[in-house]
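Below is one structure, written out as structure tokens; the observations come after it.
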Amino acid sequence: MARYMLLQKYEGGAGCDIPMYEWEPQDIGAHIQFQVDLNAELVASGEFVDAQGLAGPDLAKIVTANGVAAPVVTDGPYLEAKEFLAGYRIIDVDSLDRALAIAASASAAPGAKGVPIEQPIEVREIMAAPPSDA
Amino acid sequence: MLGALTRRWGDFAACEDAVQEALFAAVTAWADGVPDDPQAWLTRVAQRRLVDYYRSDLARRRREEQVTRAEPPPSPEVGHSDDTLVLLLLCCHPSLTPASAVALTLRAVGGLTTTEIARAFLVPEKTMAQRISRAKQRLREQDDLFALPPDEALPERLRIVLHVLYLIFNEGYTSTSGDGLHRVELSAEAIRLTRMLAALRPGNAEVSGLLALMLLTDARRPARTGPSGELVPLAEQDRTLWDGDLVAEGAALAAEAMAGHPLGEYALQAAIAAVHDRAPSSAATDWRQVLALYEALERLSGNPVVSLNKAVAVAMVNGPAAALELLAALDSGPLAQSHRLDAVRAHLHEMAGDLSAAAEAYVRAAERTTNLTERDYLTLRAAQARRKFAANFIR
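Here you go:
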């Protein structure tokens with residue numbers, strides 16, 4: 001088993017790039033239900049580790065410091081707000097293929113008018129101890 | 135028993151170990167039969183363990199001096215209740231941060247395991263163990279540790295205790311349904327501890343007020359979330375799902391608390407909750423009474439969130455325009471930019487029929503909230519307001 005992080009940014013996908021508050025209310029409900037159901041499936045299959053949504057980019061701060069001078073803290077709003085992470089899932093799966101399949105499900109979440117969003121999902125393996133037969 | 139020992143010896147961690155050893159010893163020794171006074175037996179054994187511990191300590195000479203001086207005279211057995219109260223006051227020492235006090239209270243008074251507490255607060259067990267360990271270390275550094283605070287300091291310490299209990303309750307109440315189960319138990323634990331405190335300090339209006347507030351709030355829990363864990367606001371909740379027994383008990387306690395002198399904040403908050411919980415519907419709620427109670431609360435409390443909640447009551451009594459004016463005053467205060475301010479503003483705009491302003495305010499609130507369930511709810515309201523606006527436009 002290996003753990004993967006599935007990352008989602010704020011950018012929309014080819015299927016939908018209008019913000020959620022501009023969708024029809026029932027489409028919002030369907031999207032939320034989809035996410036709840038996907039998490040429940042992963043719990044049932046024993047693959048779920050974590051799933052979190054992050055607070056909006058307007059609330060994000062960026063900190064840089066050299067350990068000597070006062071840290072520099074940048075506030076939003078940001079020009080590149082779409083680049084910010086919106087949320088992530090952490091899964092523990094048998095293979096990369098399985099991680100990709102889960103990411104594909106997540107990417108096809110229904111958006112405005114129920115059309116799959118096709119949101120780009122970044123799949124990153126979480127570093128772990130080497131396998132015992134290495 | 136832990137409280138009594140800590141009071142005498144001051145070293146919380148050593149006392150905890152001694153109690154554990156005594157309990158362990160009891161398992162074998164009592165196999166032949168439980169002594170007449172098990173409490174006294176345990177206390178004696180724990181005392182002996184502590185004496186042994188200090189004797190073997192490097193600073194032996196100083197400890198031995200302390201042992202002979204502190205050797206307790208034969209005294210009537212201190213009741214369980216006094217010990218627990220001392221322990222509770224101890225865990226809420228002002229030198230501790232709220233998070234530390236919460237963790238320590240749940241561990242030492244609530245008896246939850248470190249694992250249970252870690253899970254409830256969504257941190258690894260090692261992290262929570264450290265938090266508790268550092269809290270104890272903090273306490274060890276205090277001089278006045280094992281004494282009850284002097285009479286004049288008692289009300290302030292009790293205030294901290296109530297705040298800590300309220301924090302625990304709130305932590306459990308505002309959880310989303312995802313990892314909800316462990317967090318819901320936090321609310322139950324808070325209620326249990328507050329009931330215990332109310333039994334130890336009967337007739338204390340603010341303790342009654344806090345317990346009332348918890349019961350009246352918890353009564354609404356079954357109606358608070360929808361089938362997918364979505365937020366259902368008070369006005370839309372199915373009130374038949376509310377727990378009638380908790381409402382009745384909470385309302386009675388609220389009335390008791392309101393009779394206290396001086397009038398306290400928890401009493402007022404409980405009274406407001408009681409008015410809501412006894413109303414058959416949002417429309418049938420006695421909003422004038424709610425408003426009057428908020429006005430009294432506002433005078434007592436410096437918290438701007440009270441003013442925000444009051445504005446909602448103002449809207450129900452005097453209409454949304456008057457309430458929106460009140461919000462303008464909050465724009466320059468600590469709530470400026472707060473998602474809560476925008477959320478209430480949006481609701482008021484909706485009441486006033488200004489749907490496009492409502493949608494904008496809902497969006498602003500959604501972008502600034504840090505609670506996922508709330509964000510979903512606010513996004514949905516924005517979309518609904520937009521749709522209604524569009525529908526009206528076409529008409």
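Quick note, the sequences are listed as chains A and B, same order. For the first sequence, the residue numbers in the numbering used here are 1 to 134. For the second sequence, the residue numbers in the numbering used here are 135 to 529. Quick reminder that beta carbons are idealized off the backbone N, C-alpha and C, glycines included.
- For the segment 47–68 of chain A, residues whose beta-carbon sits nearer than 7 Å to a beta-carbon of chain B comprise G53, A55, G56, D58, L59.
- Taking a contact as a CB-CB distance under 8 Å, the pair R124(A) and Y10(A) does not count as one, their CB atoms being some 18 Å apart.
- Residue state for T308(B) is assigned as coil, using DSSP reduced to three classes.
- In this structure, V451(B) lies away from D411(B), with their beta-carbon atoms at least 9 Å apart.
- The distance from the Cβ of L475(B) to that of L469(B) is about 5 Å, consistent with a contact at the 8 Å cut-off.
- Inside the segment 459–519 of chain B, DSSP marks whole alpha helix (DSSP H) runs of 4 or more residues at positions 473–486, 489–502, from first to last along the chain.
- Close CB contacts of V298(B) within its chain, under the 7 Å cut and outside five residues either way in sequence, are with C226, P232, A235, V236, T239 (chain order).
- Residues of chain A whose Cβ lies closer than 8 Å to the Cβ of D510(B) are, in chain order, I28, I32.
- Note on L489(B): 16 or more other CB atoms within 10 angstroms of its CB, so buried under the neighbour-count rule.
- The three-state secondary structure of R529(B), taken from DSSP, is coil.
- Here L6(A) is near I102(A), since their CB atoms are less than 9 Å apart.
- Inclusion of S441(B) and L464(B) in the CB contact set at 9 Å is warranted, their separation being smaller than that value.
- Here the alpha carbons of A106(A) and L344(B) stand approximately 44 Å from one another.
- The three-state secondary structure of L365(B), taken from DSSP, is strand.
- According to the DSSP secondary-structure assignment, A51(A) is paired through a beta bridge with R89(A).
- Your pair V49(A) and D97(A) does not check out as a contact, with CB atoms roughly 18 Å apart and the cut at 8 Å.
- Collapsing the DSSP output to three states places A69(A) in coil.
- Considering only beta carbons, no part of the segment 1–17 of chain A lies closer than 8 Å to chain B.
- Around the beta-carbon of A14(A), fewer than 16 other beta-carbon atoms lie within 10 Å, marking it exposed.
- Here L331(B) has V341 as same chain residues with Cβ atoms under 6 Å from its own Cβ, once five neighbours each way along the sequence are excluded.
- Within 8 Å of the CB of M20(A), the CB atoms of chain B belong to T513, A517, in sequence order along the chain.
- Not flagged as an interface residue toward chain A: S229(B), since no C-beta distance is shorter than 9 Å.
- By the Cβ-count criterion, Q119(A) is buried, with 16 or more other Cβ atoms from all chains shown falling within 10 Å of its own Cβ.
- For the pair A445(B) and H473(B), the CB atoms are not nearer than the 9 Å cut-off.
- Using a CB distance cut-off of 9 Å, L365(B) does not count as an interface residue toward chain A.
- Looking only at Q276(B), T249(B), E275(B), the smallest Cα-Cα distance to Q264(B) is reached by T249(B).
- Under the DSSP assignment, E383(B) falls outside any beta strand (DSSP E), being part of the alpha helix (DSSP H) whose first and last residues are 378–392.
- When the Cα atoms are used, L375(B) and A407(B) turn out to be separated by approximately 16 Å.
- At a cut-off of 9 Å between beta carbons, V36(A) contacts chain B.
- Taking a Cβ-Cβ threshold of 8 Å, none of the residues of chain B is close to E80(A); the smallest such distance is about 16 Å.
- When beta bridges are read from the DSSP output, G111(A) appears opposite no residue.
- Exposed is the label assigned to L288(B), since fewer than 16 other Cβ atoms lie within 10 Å of its Cβ.
- Of all residues in the segment 243–265 of chain B, none is placed with a Cβ closer than 8 Å to any Cβ belonging to chain A.
- The C-alpha of R355(B) lies about 45 Å from the C-alpha of Q181(B).
- For the pair L292(B) and R335(B), the CB atoms are nearer than the 9 Å cut-off.
- Within 10 angstroms of the beta-carbon of G453(B) lie fewer than 16 other beta-carbons, which makes it exposed.
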